[in-house]
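Below you'll find the structure, written out as structure tokens, and then a few comments.
2 protein chains.
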Amino acid sequence: MTSRVTLTDVARAAGVSISTASLAFSGAGPISAATKAKVLRAAADLGYSGPNPVARSLRRGRSGVIGVVVRKDLRQNFRDPVAIQTLDGVATTLGESDLGMLLIPTDDASGAAPDLLRHAAMDAAILLNGAAASAPSVRALRERGTPAVHVDAAVRGSVSIRVQDAAGMRAVAEHLRGLGHTAVGVVTLPWGPRAAPGPLEVSRPGRSSVPYTAARWAGLLEGGVVPVVAQAARGSWVEEGIRAGHALLDATPRPTALVAFSDLLAAGLLLAARERGLRVPQDVSVAGFDGVDLPWLGGDVLTTVAQPIREKGRMAAAAAIALAAGEPARSAVLGVDLRPGTTTGPAPS
Amino acid sequence: MTSRVTLTDVARAAGVSISTASLAFSGAGPISAATKAKVLRAAADLGYSGPNPVARSLRRGRSGVIGVVVRKDLRQNFRDPVAIQTLDGVATTLGESDLGMLLIPTDDASGAAPDLLRHAAMDAAILLNGAAASAPSVRALRERGTPAVHVDAAVRGSVSIRVQDAAGMRAVAEHLRGLGHTAVGVVTLPWGPRAAPGPLEVSRPGRSSVPYTAARWAGLLEGGVVPVVAQAARGSWVEEGIRAGHALLDATPRPTALVAFSDLLAAGLLLAARERGLRVPQDVSVAGFDGVDLPWLGGDVLTTVAQPIREKGRMAAAAAIALAAGEPARSAVLGVDLRPGTTTGPAPS
DNA sequence: TAGGTCGGTCGAAACGTTGCGACATCCACC
DNA sequence: GGTGGATGTCGCAACGTTTCGACCGACCTA
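So, in structure tokens, the structure goes:
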């Protein structure tokens, strides 16, 4: 039902050859103004709305679509301001090049890549958020020969766009040490696709299989902070922060500072502290990671590490565009920025 | 660079005709197990990863892609839990049919439909959130002959999926009247693409050009509540709720109840009231619309009208799938449900 | 043994474009 | 007046698939 009328019909109606009619639309190649007008006129008369995109793609060998691989549960995915801003950056840059953005939800837990990923028409793919960098997805793209850009994860032989996770967390650690904190509690992002959420053995937590989670933990240690108690979250959600917050504040001796691997988690920590009647930062300091806006936090300004999220998305899109065109693309690691707020202060004596 | 090897190569390598090789993949039509295995074997050897989706689409006359038209600024769009859940519903249902989801950001303000909307390959389109139902987008789809499903907006001659906006707001109005409130302040969703945000003339506000905003306002009146003061928001954001909340609470006499056209706005109202040291609901009642989770609200449970957001998305997707297949689809208006919480109470005497 | 059926395979014709090379036509210039 | 270069226009061959109808054995039934 799309368009029954084709370029052939238009050409016939205009009294020109198909090639000429094509020129009138593609704009590439010499064509007289008169002929062009004649063709466009005929097209309008027939209700022809431009060349069939599928046929054009086939002929050109490019679909004009970039696949964006996201977590299956969009609800949880998009509840995360980081994911949203990344996506926004991607959309902005793709839009500037008039490229389509095909959303491909994948389920990390299931062992197989979705059909869409294996069969949809696309010139390149962007795997968002590291989480989607699960083996099946990556393998499926390899098999298809579709070039891929990984965000927040380094994959051998692929382009990746990341931020300085370790350095950022190191800065937080040093900030807290400078304030005299020695008893620090931590809530991390999920430790791995199949790792259980909840208490984490602080002495030897093992290495997280999520690249940025591992890097942030490492940064903490590099900065000289060895957490006295830690919790792994199920996701970057406020509720998880609240839950973890209570768990961490139950520890004895009570930590004087809490660090979260995301701002949403940090917000949860803050709320948990408030629920217990603890003053922030007098009784307990709280720091996060990401640098997103949390307008509902009230007067507090969260101490956090700002990462250039939107820029990350833009760079990923730019890389994907290059790869789609057959050009090389470079990986990048973007800088982060410790932004002290009102939620961290000197350790209580 | 996608796949240089084609079905022709595979057929040759397997020693069968191209048609037979095609059958081995499409599965449609009779083919002996032996031949099929032979073909798949040859395909694996050559690194052939299945039929080229573009060529298949051209031949089949269907692209397997549904366009989803959203507001240009994804950041603001996806900050809205309603939009996200709708999208989640759409994604779920499309995923079940292995259909692709092409995100098409549109700028309502600009007069033209984006190139993507006019030229991308898709079998049908879903216009989300009413906001995207601006004339240029709709016209562009009409011209292309692409069937469209409108969410939260009724467009003549198109399928639309909506909720009972008026009835929901009427229920809120009756609820508040039952509690004895007579001085009610309101913050609405944007009044129109070009309408100025800020104070609204309550006696004759004019008709909102946004369908659901108009319907909710009408519902309020039907329920017997004539606002004593009103503010139009710029969008469904907490910050706007806070701003509007202060403006509304500045009115004299101060309203005893505040109604918001969305839960995010209601959350803002709540925060504004708290900032002023007002007790909710003893000093002022607050009600919202949507029924989304706001885990960071603290102990309060917002009185609101729950709408089946995810279901709305699913129905829109189902309708789009039907239209894409050339089948008819029905419009629908989904029911809503007043859910009294702890934020509304008797009017102070 | 002849006729009918059916499972399996194949050729060829689309699907709707684009772009290369060929071919006119015309003007300018020596 | 002939040569050369623009300038438009056109035919034709892809692009990689699917699908329709034809074909050909083999098996079944009368």
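Taken in order, these protein sequences are the chains called A and B. Under this note's numbering, the first sequence has 91 at position 91, and the numbering climbs by one with no breaks. Under this note's numbering, the second sequence has 1093 at position 93, and the numbering climbs by one with no breaks. Beta carbons: idealized from backbone N, C-alpha and C, even for Gly.
Problem - Through-space distance from B:G1168 to B:G1219, alpha-carbon basis - result: On the second sequence, position 219 is the one that residue 1219 of chain B refers to. On the second sequence, position 168 is the one that residue 1168 of chain B refers to. The straight-line gap from Cα to Cα measures roughly 7 Å.
Practice task
Count the other CB atoms, across all protein chains shown, that sit within 10 Å of the CB of B:D1045; report buried if there are 16 or more and exposed otherwise.
Solution key: Mapped onto the second sequence, residue 1045 of chain B falls at position 45. Label assigned to B:D1045: exposed.
Exercise for the section: Put B:D1073 into one of helix, strand or coil per three-state DSSP. Expected result: Counting from one through the second sequence, the residue named residue 1073 of chain B turns up at place 73. Residue state, collapsed to three classes: coil.
Handout entry: Start-to-end residues for the beta strand (DSSP E) that takes in B:P1199
Key = As a first step, residue 1199 of chain B must be located in the second sequence, where it is residue number 199. Where B:P1199 is concerned, the enclosing beta strand (DSSP E) stretches over G1198 to L1200.
Practice task
Determine the chain B residues that contact A:L87 at a beta-carbon separation under 8 Å, and present them in chain order.
Solution key: Here the question's residue 87 of chain A lines up with position 87 in the first sequence. Per Cβ cutoff of 8 Å: L1074 and F1078.
Handout entry: Proximal residues, the segment 1241 to 1258 of chain B versus chain A, C-beta separation under 8 Å
Key = I1242
Practice task
Establish whether the CB of A:W217 and some CB of chain B are separated by less than 8 Å.
Solution key: Your numbering for residue 217 of chain A matches position 217 in the first sequence. No, A:W217 lies away from the interface with chain B (no Cβ there is under 8 Å from its Cβ).
Practice task
Can you give me the start and stop residues for the alpha helix (DSSP H) that B:T1106 sits inside?
Solution key: Here residue 1106 of chain B refers to the residue found at position 106 when the second sequence is read from its first residue. Where B:T1106 is concerned, there is no enclosing alpha helix (DSSP H), although the beta strand (DSSP E) it sits in stretches over G1100 to T1106.
Problem - Where B:E1239 meets chain A, residues with beta-carbon distance less than 7 Å - result: By one-based count along the second sequence, residue 1239 of chain B stands at place 239. Residues of chain A passing the Cβ test: P295.
Practice task
Return the residues of the segment 262 to 276 of chain A that lie within a Cβ-Cβ distance of less than 7 Å from chain B, sorted by chain order.
Solution key: A267 and L271
Handout entry: Length of the line joining the Cα atoms of B:V1229 and A:L297
Key = Position 229 of the second sequence, counted from the first residue, corresponds to residue 1229 of chain B. Position 297 of the first sequence, counted from the first residue, corresponds to residue 297 of chain A. Computed Cα separation, rounded: 27 Å.
Problem - Identity of the residue in A:P253, A:R177, A:S236 and A:R162 nearest A:P190 by Cα - result: Indexing the first sequence from 1 puts residue 190 of chain A at position 190. Comparing Cα positions, the closest option is A:S236.
Problem - One or two residues paired with B:I1084 in a DSSP bridge - result: Residue mapping note: residue 1084 of chain B aligns to position 84 of the second sequence, counting from 1. Note: B:I1084 sits in no beta bridge, so no partner.
Exercise for the section: Excluding the 5 residues preceding and the 5 following B:K1036 in the sequence, name in chain order all residues of the same chain whose CB lies nearer than 7 Å to its CB. Expected result: Position 36 of the second sequence holds residue 1036 of chain B. Cβ neighbours of B:K1036 beyond the five flanking positions: A1024.
Problem - Beta bridge counterpart(s) of B:A1120 as assigned by DSSP - result: Indexing the second sequence from 1 puts residue 1120 of chain B at position 120. Looking at the DSSP assignment, B:A1120 forms no beta bridge with any residue, so it has no partner.
Problem - Three-state secondary structure (DSSP) of B:A1306 - result: Counting from one through the second sequence, the residue named residue 1306 of chain B turns up at place 306. Strand, per DSSP.
Handout entry: Under 7 Å from the C-beta of B:E1143: neighbouring residues of chain A
Key = Within the second sequence, the letter at position 143 stands for residue 1143 of chain B. Those within 7 Å of B:E1143 in chain A are S49.
Exercise for the section: Give me whichever residues DSSP pairs with B:V1149 in a beta bridge. Expected result: If you number the second sequence from 1, residue 1149 of chain B lands on position 149. Paired residues: B:I1126 and B:V1159.
Exercise for the section: Within 10 angstroms of the Cβ of A:R144, are there 16 or more other Cβ atoms? Answer buried if so, exposed if not. Expected result: Counting from one through the first sequence, the residue named residue 144 of chain A turns up at place 144. Under this definition A:R144 is a buried residue.
Exercise for the section: Could you say which of B:V1039, B:G1027, B:Q1282 and B:P1308 lies nearest to B:L1350 if we only look at CA atoms? Expected result: Any question about residue 1350 of chain B goes unanswered here, given that chain B covers just 1001 to 1349.
Exercise for the section: Closer than 7 Å by beta-carbon distance: list the chain A residues that pair up with B:P1105, in chain order. Expected result: On the second sequence, residue 1105 of chain B is found 105 positions in, with the first residue counted as 1. What B:P1105 touches in chain A: A91 and G95.
Practice task
Name, in chain order, the residues that DSSP records as bridge partners for B:L1334.
Solution key: As a working note, residue 1334 of chain B is residue 334 in the second sequence. DSSP, once it has assigned bridges, lists B:V1163 as partnering B:L1334.
Handout entry: Inter-residue spacing [alpha-carbon to alpha-carbon] between B:M1001 and A:T146
Key = Within the second sequence, residue 1001 of chain B is the residue found at index 1, counting from 1. Within the first sequence, residue 146 of chain A is the residue found at index 146, counting from 1. Because B:M1001 sits at a pLDDT of 40, beneath the cut-off of 50, its placement in the model cannot be relied upon, and the following sentence gives the value as read from the coordinates. The alpha-carbon atoms of B:M1001 and A:T146 are separated by roughly 8 Å.
Practice task
Name the residue from B:L1099, B:L1334 and B:P1308 whose alpha carbon lies nearest to the alpha carbon of B:R1062.
Solution key: The residue you call residue 1062 of chain B lines up with position 62 of the second sequence. Checked all of B:L1099, B:L1334 and B:P1308; the closest Cα to B:R1062 is B:L1099.
Handout entry: Contact under 8 Å by Cβ, B:L1414 with B:V1280
Key = Here chain B comprises residues numbered 1001 to 1349, so residue 1414 of chain B is not present and cannot be evaluated.
Problem - Local conformation of B:I1066 per DSSP, three classes - result: Within the second sequence, the letter at position 66 stands for residue 1066 of chain B. Residue state, collapsed to three classes: strand.
Exercise for the section: Tell me, please, whether the CB atom of B:P1346 is closer than 8 Å to any CB atom in chain A? Expected result: Position 346 of the second sequence, counting from 1, holds the residue named residue 1346 of chain B. Taking Cβ atoms only, chain A never reaches closer than 8 Å to B:P1346, which makes this a no.
Handout entry: Minimum length 4: unbroken alpha helix (DSSP H) runs contained in the segment 205 to 274 of chain A
Key = 211 to 222 and 238 to 249
Handout entry: Burial state of B:T1106, where buried means 16 or more other Cβ atoms lie within 10 Å
Key = Here residue 1106 of chain B corresponds to residue number 106 of the second sequence, with the count starting at 1. Flag for B:T1106 reads buried.
Exercise for the section: Name, in chain order, the residues that DSSP records as bridge partners for A:D290. Expected result: Residue mapping note: residue 290 of chain A aligns to position 290 of the first sequence, counting from 1. Answer by DSSP bridge pairing, in chain order: A:A306.
Exercise for the section: Say whether chain A places a C-beta atom closer than 8 Å to the C-beta of B:G1206. Expected result: Taking the second sequence and counting its residues from 1, one reaches residue 1206 of chain B at position 206. Closer than 8 Å: no.
Handout entry: Limits of the unbroken alpha helix (DSSP H) element including A:T35
Key = Here residue 35 of chain A is taken as the residue at index 35 of the first sequence, counted from 1. Taken as a continuous stretch (DSSP letters only), the alpha helix (DSSP H) holding A:T35 covers A33 to L46.
Problem - Where A:S285 sits in the DSSP three-state scheme - result: Within the first sequence, residue 285 of chain A is the residue found at index 285, counting from 1. Note: A:S285 maps to strand in three-state DSSP.
Practice task
Please state whether DSSP places A:R79 in a helix, a strand or coil.
Solution key: Residue 79 of chain A sits at position 79 when you count from the first residue of the first sequence. Of the three classes helix, strand and coil, the one that applies to A:R79 here is coil, per DSSP.
Practice task
Assign A:G268 to one of two classes, buried (16 or more other C-beta atoms within 10 Å of its C-beta) or exposed (fewer than that).
Solution key: Position 268 of the first sequence, counted from the first residue, corresponds to residue 268 of chain A. Flag for A:G268 reads buried.
Exercise for the section: Give the secondary structure of B:T1006 by DSSP, where H, G and I count as helix, E and B as strand, and everything else as coil. Expected result: Counting from one through the second sequence, the residue named residue 1006 of chain B turns up at place 6. Note: B:T1006 maps to coil in three-state DSSP.
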